[in-house]
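I have placed the structure first, in the form of structure tokens, so that the comments after it can refer back to it.
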Amino acid sequence: MRVTIHQPQFLPWLGYLDKIDQADLFIALDSVQFKKNEWQNRNRIRTASGCQWVTVPVLHRFGQLVKDVQVNQTVNWQRQHRHAIEMHYAQAPFRDRYLPELLSLYAMPWERLHELNMRVIRWLLEAYGITTPVRCASEWEAREEPTDRLIDLCRAVGASGYLSGPGGEQYLDVMRFDSSGLKLEMQQFHHPIYRQAYEPFMPAMSAIDLLFCCGPEALTRLREARTGQNVVSAI
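Note that our numbering has the sequence shown beginning at 687, numbered continuously upward.
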């Protein structure tokens, strides 16, 4: 069984979904320190002028774990996101097919960022047709050192291999993985090119971009990119 592990992101990009699609189990790493203004509480959508950040405001303390970070409910971020998504994807062919479900998530009174992110991730996986099971790292005990933590989580679920994101060999102890008996693999992600709501094409948007633009063919486009069909360089 091949496992992949990553911090839960908000409206994640295609590389994130591609890695989950290639795994037999995805473990959301909710038991590590939260890093503000990376990808855990924000992402980008395509606009006529380029791209725009959609950010979930949070209340957190230094050193706080991902699963404990609270959403700042004094800011009406849901309305801002809804307005931006509705406006910038007004011409996307499949927007109306998926937008109601996304807006229903925005309508909920989220208290914790982790709960919001997990619900959004599960919605995206379902919308794309990705069937990889999802669990959270906080379900198990694991050591704090990054490589040891991944090894412990893989062993906890009986994995035979671990799929790392691109460049994992730069921050993982490869020799320790080898000695653990786990097969370490690196994701080779190639970004698909498709017709966006605006030109020219811009990669690395939230995965809702491909979904709203290509609809039921979104997963096929993502998988075809692995074979080198109609892609841009890995990001």
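Note that beta-carbon positions come from the ideal geometry of N, C-alpha and C, so glycine has one too.
Keep in mind the model is a prediction, meaning the values are calculated, not measured.
Limits of the beta strand (DSSP E) - the one that tryptophan 809 falls within: Element bounds for tryptophan 809: not the beta strand (DSSP E) but the alpha helix (DSSP H), 799–814.
Separation of valine 757 from tryptophan 796, as counted between CA atoms: 7 Å
Euclidean distance between Cα positions of glutamine 882 and aspartate 895: Between glutamine 882 and aspartate 895, the C-alpha separation is close to 7 Å.
Serine 717 versus leucine 751 - alpha carbon distance: 6 Å
Chain-order list of residues whose beta-carbon lies under 8 Å from that of tyrosine 857 (same chain, five-residue window excluded): Pro832
Closest Cα partner of methionine 804 within the set Lys753, Gln759, Arg768 and Asp782: Lys753
Heavy atom of the ligand GDP within 7 Å of leucine 836 beta-carbon: The model on display carries no ligand, and the ligand GDP is accordingly not part of it.
Residues bridged to alanine 714 (per DSSP): His692 and Cys822
8 Å Cβ cutoff met for isoleucine 816 and leucine 703: yes
Candidates Met872, Leu697, Asp838 and His692, of which the one nearest threonine 741 by Cα: Leu697
Sequence ranges, alpha helix (DSSP H) only - wholly within the segment 841–881, length at least 4: 860–866
Neighbour-count burial assignment, lysine 705, 16 or more Cβ in a 10 Å radius: buried
Helix, strand or coil at leucine 745 according to DSSP, with G and I counted as helix: Judged by DSSP in its simplified three-state form, leucine 745 adopts strand.
Residue closest to serine 735, alpha-carbon to alpha-carbon, out of Ala770, Glu787, Val843 and Ser866: It is Ala770 whose Cα lies nearest to the Cα of serine 735.
Which listed residue (Ile713, Leu799, Ala714 and Asp707) has its alpha carbon closest to that of asparagine 723: When C-alpha distances from asparagine 723 are compared across Ile713, Leu799, Ala714 and Asp707, the shortest belongs to Leu799.
Whether serine 850 touches methionine 872 by CB criterion (8 Å): yes
Buried/exposed call for proline 786, threshold 16 Cβ in 10 Å: By the Cβ neighbour-count rule, proline 786 is exposed, with fewer than 16 other Cβ atoms within 10 Å of its own.
Bounding residues of the alpha helix (DSSP H) (the contiguous stretch that carries arginine 783): 781–792
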